[in-house]
Amino acid sequence: MNLPQDGIKLHRGNFIAIGQQIQPYLEDGKCFRMVLKPWREKRSLSQNALSHMWYSEISEYLISRGKSFATAAWVKDALKHTYLGYETKDLVDVVTGEITTIQSLRHTSDL
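Using the working numbering, the first residue of the sequence shown is number 766, and each one after it goes up by one.
Below is the structure:
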């Protein structure tokens, strides 16, 4: 059985079939790690490309209006700043153990 990198969408309708597919892996006594987490569809490549196309379009518009700093990457961050906000993260210095709290932009992939 080849397991997809993104995992298997497990539900009531395929539970027994997946168990039958996995059973041969357990025959020799080896143990495996299984992680269950809620399924959510990933954004498709075309959706991602469309999003980046809009960042470029907005960037071109802003640059044509004299905002030379408004690269596509800047537009993406500006939109995330406006609509997604920030999350707090604690970073630990591995040498001193000092904990620094920072604010970083949320990632759309974590929504």
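Note that the Cβ used here is the ideal one computed from N, Cα and C, for glycine as well. It should be emphasised that the depicted structure is a prediction, and the values quoted were computed from it without experimental measurement.
Bridge partners - residue i, DSSP secondary structure assignment
{"i": "Y851", "result": "L870"}
{"i": "V857", "result": "I864"}
Whether residue i touches residue j by CB criterion (7 angstroms)
{"i": "W804", "j": "K774", "result": "yes"}
{"i": "A892", "j": "S821", "result": "With the chain running from 766 to 876 in the structure shown, residue 892 is simply not present."}
Pick from the options that is closest to residue i, judged by C-alpha positions
{"i": "A843", "options": "D793, S811, S824", "result": "S824"}
{"i": "Y790", "options": "L810, L768, S811", "result": "L768"}
{"i": "K795", "options": "R808, D771, I787", "result": "I787"}
{"i": "S874", "options": "R830, V857, S809", "result": "S809"}
{"i": "G919", "options": "L876, I781, V860", "result": "One cannot answer for residue 919 here, as it falls past the ends of the chain, which runs 766 to 876."}
Own chain partners of residue i with C-beta closer than 6 angstroms, once the 5 adjacent residues on each side are dropped
{"i": "E797", "result": "Strictly speaking, residue 797 in this sequence is Phe, with Glu absent from that position. Around F797: no qualifying Cβ."}
{"i": "L827", "result": "A835"}
{"i": "D855", "result": "I864, T866"}
{"i": "N779", "result": "none"}
Beta-carbon contacts of residue i that lie in its chain and below 7 angstroms, excluding the five residues immediately before and after
{"i": "T853", "result": "T866, Q868"}
Taking one C-beta from the segment 839-853 and one from the segment 868-875 each time, how about it: are there three or more such pairs within less than 8 angstroms? yes
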